[in-house]
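Protein sequence lines, in the order shown, are assigned to chains A and B.
The opening position of the first sequence corresponds to residue 51 in the numbering used here, with each subsequent residue numbered one higher.
The opening position of the second sequence corresponds to residue 555 in the numbering used here, with each subsequent residue numbered one higher.
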Amino acid sequence: MSDQPQADEPIKFRRKGFKFLGLGLQEYIKYFFGGNASLAIIVLVLICTFLLKEGIAFFPDYNKELREYRQTGQEFVDYADRQIDAHTRINSDANIAYYAELNQSSKFEDDILSAYRSVGSFVRSATSSETDQLKRYTERIEDLEDNLAKLAEAPATDEIDGRAQIQQLAVELDDYQQRSEKLKGEILTHFRLHLANESIWENVRPGIHLSKESKELVLTAVLHKQPGVKEEYPEIKQLMADSSAKKKVATESLAEFKSTITALSKAVRPMKSFVRDLKDIASENAREAKKFSTAELRYDALLKGSEKAATESDKQRFIEQAGAVDRTKPNFEEITKPLIAKTDEHNKLSVELQKEIARLVPLLPKNPATESARENLQKVQGNAANFPNIAEESREEMMDWNFDKKNSVFHALGAFFFGKHWISNSSWRDFYGILPLFTGSLLIALIALAVAVPFSLAAAIYVNQLASRREQNFIKPAIEFIGAIPSVVLGFFGILVLGTALRNVSQIEALSWIPGFPMAERLTILNAGLLLAFMAVPTIFTLAEDALNNVPQALSENSFAMGASKLQTILRVVFPASISGIIAAVLLGFGRIVGETMVVLLVAGNKIKIPDFTEGIGVVTQPAHTMTGIIAQELGEVDKGSLHWGALFMVGLVLFFMSLVINFSAQRILKKLQKF
Amino acid sequence: MMKKIVMTTALLAGLSVSAFAEDKIIIKGSDTLGAKMVPQQAEAYKEAGNEVGFEIAAEGSSSAFTNLLSGSADIGMSSRNIKDSENESFTAKGKEIVETTAGYDMIGVIVNSANSVESLTLEQVEGIFTGDITDWSEVGGQAGPISAYTRNTSSGTYKSFQEMAMGKRDYGSDTQKMAGNEQIAAEVAKNANGIGYVGLAYVKKDGITPVKVDDIELKPENAKDYPIARSLFFYTIKGELSEAAQKFLTWATTDEKAAAVVERVGFIPLKK
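Below, the structure is given as structure tokens:
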């Protein structure tokens, strides 16, 4: 009786329960959760240190690499190479202009022929499985016919048996012939079906417009050239002949143009072979340097190997090989001397090349007939006028060049953060400049934001302020469901559906005024941006809707009391009140987009080049590469601990810091919200 | 007496190990070889009456060497030669690597089927992929900016093509790096101005046509003359190959049935 607790006595069961090492169950549960939270933080710190450790070593290494680029004379040779590049541009544009003029003469015929080829190849590939089947039948038929012929010729040893065999083969042959005929009929039907479809013309090169008669001709000719038919349709044959005849006439009339561009391309030859020799020397130097930088490793490896070798003779061999490893440092001054010695010769060639360009470029036609030729010749004139400057610049740089010029510590930093070239796995020299990847990532993210923000904000405002409860219950989960779609699925959608659709739309004549249209590529910044916008919508929508929800009811009630309409209240009161939350939502959406990998890897087109901004807004129709994409694409095969490995980790670090800054600022902005 | 016992035990241990290993041959490495060729060879090998199991993993040429080094593979497959740095890691463990040619692969330069260009010189191919040539009209086609699609830098083919077709020059910055043969073929098929390169096994896809290079058609018969052809390799470690694996390796490189498989999947067997 006495053990009955009194009502006012404090409950003691906590102290009586499970105890281990002086701690009760409650404490253990508390520490379990606390432990999990701190584990997350520890892992985060570990990831940071890991990234830093792998990444930071990159800069000294890269500095060394860039120094080696100088010491081996490769830098010197690249200066010498610059004039060749400049000449290549001039030459290439002049060539394009020439062929534009030449092809103009037979444009009518070539357009029809091109359309004929496009439509034909589409129809043939659409029916390829049947065609293959038909081919097998035909082969079989030929076999059977051969056998029959042989049997008929050779006097059968047993007449009855021979006849039975012939009969059997004949039956089989008949069967195959019937099947083959039937299949031919089917193929013809399929051809007709495809050709009747107006969308067949989507396969034709953009910019080709055919008259109704020409289209008819194309259709008839494609239908004529069914599988098995070798001869071209007569009118197509005629067109081919006409085209080459017209080209022949045009070639004669453009003979002067042709001889000028031939002379122009010949002008660079002495320079080219000269620089090729320089390159050979520098490559040899680079090999020496590489050998030296890895000699120590090889030596160690061989010694280590000798300890583990199975037999005494193997051991001896390893030690011998180790002794043979050349560990002397190459004398860079000595090995770059042959390069510097050629500076004068290079100057001489350069002056000659300049003279030739100055002599030949004015000989190019002044008034070409086609727009394309005019544009390209203008480019030629501009580049040719600039050529002496480039030559002078490269000359000065070559004169200034010294194999031993020191780079500051910041050289590698600058070369990484502002480098315009990302060249890995090169046979000449690797460069790791993040700028092309950074601009690619940023451009894609900006497009995605530009599309996603208005949509998700409008949706958030509608759902939060205007929608009925039933609508809310439908729209919110539907939008949030988008987040559940795996990004690789979206990537495939981008390749197979969106890319093709975008390009087809861009080729509509009426839309050609839009900058960047018609698009040449399917995999572009625009395509990736649109898909990422789709992925960012749930993030931005949910957070923005929360922000709107957090605006106190009193504010809008006050607004109504003052006589404001619903719309006025939303735009003037609720929206401004939640602006910090909305900005945070947009920032977090941005973070989501920048970090996305799969979609950009599949859809962005992976061109490692800073997009050409001279196209204005049309820049979005170009392909680009991204920071996340390059890591996913290149980390797989790279040697652990190599310079390339370090470079990829640095890219990872940059991404990491971007996300960190974005998240941090989003949180700071969100804190402002708590004022209400 | 003691010596005898030790010897016998060692022999027995050796025998039991090799008997154990006979159950399974582990082959790892290149995707080019491991996707079709080696698995089909393994099937054919079993059909020919050899009772042995196979474990084949195709994760890229580099994985051949990491797995051989750690002892988790008997045979490594590679579409490129071993790198110096990789060779050194074997040396450091006192191991020596043995290279066996498995067959040859030709890399086809493909264009869209609607393209009128049928032949390119090797110099033109170099110009196109290095970015010197930017328009189809420069190589005799209809005017249009060239879109060049390449493999990405981690692919063995990326490097092979650079060495064989581009005079070791760097890829132009306008080239687009695709995930694999399939994607290159798909993009070229959809882009009238596209050009790319794929292994021989992929050139029959719809919408693309291989061009002649230096006037030589892309056909297995022309393997000797075609300028863009390379070897495929098996790698093993000297002295560590189990009897069963050695037997398979010999079969795969000499038997006619193995050669037939090589041919069927679009490569060129050793004898040709």
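Heads up, the beta-carbon is just placed ideally off N, CA and C, and yes, glycines get one too.
Predicted model only: the values in this text are computed from it and were never measured.
- The alpha carbon of G625/B has as its nearest neighbour, out of P823/B, K792/B and G753/B, the alpha carbon of K792/B.
- Secondary structure within the region 624-686 of chain A: the alpha helix (DSSP H) runs of 4 or more consecutive residues, fully enclosed, are 629-644, 648-653 and 677-684 (chain order).
- Around N776/B, the same chain offers I770 as residues with beta carbons nearer than 6 Å, after the five sequence neighbours per side are excluded.
- The alpha-carbon separation between D724/B and S476/A amounts to approximately 6 Å.
- Taking 8 Å as the CB threshold, D327/A stays off the interface with chain B.
- By the criterion of at least three beta-carbon pairs nearer than 8 Å, the region 715-723 of chain B is not in contact with the region 539-547 of chain A.
- Annotation for F706/A: L101 place their beta carbon closer than 7 Å to its own, counting only its chain and skipping 5 residues before and after.
- The beta carbon of L184/A sits closer than 6 Å to those of L233 and P277, all from its chain and outside the five residues before and after it, given in chain order.
- For N514/A against E595/A, the beta-carbon gap comes to about 5 Å, under 8 Å, which counts as contact.
- Listed by position along chain A, the residues whose Cβ is nearer than 8 Å to that of T586/B form an empty set, because the closest Cβ is around 13 Å away.
- Within the region 217-231 of chain A, no residue places its CB atom closer than 8 Å to a CB of chain B.
- In the displayed model, G355/A falls within a helix according to three-state DSSP.
- Contact between L548/A and L598/A is absent: CB atoms are separated by about 31 Å, not below the 8 Å threshold.
- With 16 or more neighbouring CB atoms inside 10 Å of its own CB, T589/A falls in the buried class.
- When only Cα atoms are considered, I762/B and G641/A end up about 40 Å apart.
- Distance from the CA of L573/A to the CA of E222/A, rounded to the nearest whole angstrom, comes to 51 Å.
- Around the beta carbon of P110/A, a 10 Å sphere encloses fewer than 16 other beta carbons of the protein chains shown; the residue is thus reported as exposed.
- With 16 or more other Cβ atoms from the protein chains shown falling within 10 Å of its own Cβ, N706/B counts as buried.
- By the Cβ criterion, the region 629-640 of chain B is in contact with the region 609-618 of chain B, since at least three pairs of Cβ atoms, one from each stretch, lie closer than 8 Å.
- When Cβ pairs closer than 8 Å are counted between the two stretches, the region 649-668 of chain B is seen to touch the region 780-787 of chain B, the count reaching three or more.
- If you draw a straight line from the Cα of F821/B to the Cα of Y658/B, it is about 6 Å long.
- At a C-beta separation below 8 Å, S142/A has these neighbours in chain B: D686, I687, T688, D689 and E692.
- Three or more Cβ pairs closer than 8 Å define a contact, and the region 628-643 of chain A falls short of that threshold against the region 442-453 of chain A.
- Counting every other CB atom within 10 Å of its CB across the protein chains shown gives K69/A a total below 16, marking it as exposed.
- The residues V665, W690, V693, G694, G695 and V765, in chain order, have a CB closer than 8 Å to that of V671/B in the same chain once the five nearest residues on each side in sequence are set aside.
- Residues of the region 313-344 of chain A with a C-beta atom less than 8 Å from some C-beta of chain B are T344, listed in chain order.
- A straight line joining the alpha-carbon of M569/A with that of Q618/A spans about 42 Å.
- Flagged as an interface residue toward chain A: A746/B, by a C-beta distance shorter than 8 Å.
- For the set E640/B, S727/B and E653/B, the Cα lying nearest the Cα of D662/A is the one of S727/B.
- Cβ atoms of E736/B and G750/B stay farther apart than 8 Å, at about 11 Å.
- Around the beta carbon of S323/A, fewer than 16 other beta carbons lie within 10 angstroms, which makes this residue exposed.
- For the 8 Å CB-CB criterion, Y349/A and R319/A do not form a contact.
- Counting only runs of at least 3 residues, the region 599-624 of chain B fully encloses the following beta strand (DSSP E) elements, listed from N- to C-terminal order: 607-612.
- Annotated three-state conformation of Y119/A is helix, per DSSP.
- Shortest Cα-Cα distance from I390/A to any of F342/A, S333/A, F453/A and G373/A involves F453/A.
- Residues of the same chain with a CB within less than 6 Å of the CB of D768/B, apart from the 5 flanking positions on each side, are T675, L676 and P781 in chain order.
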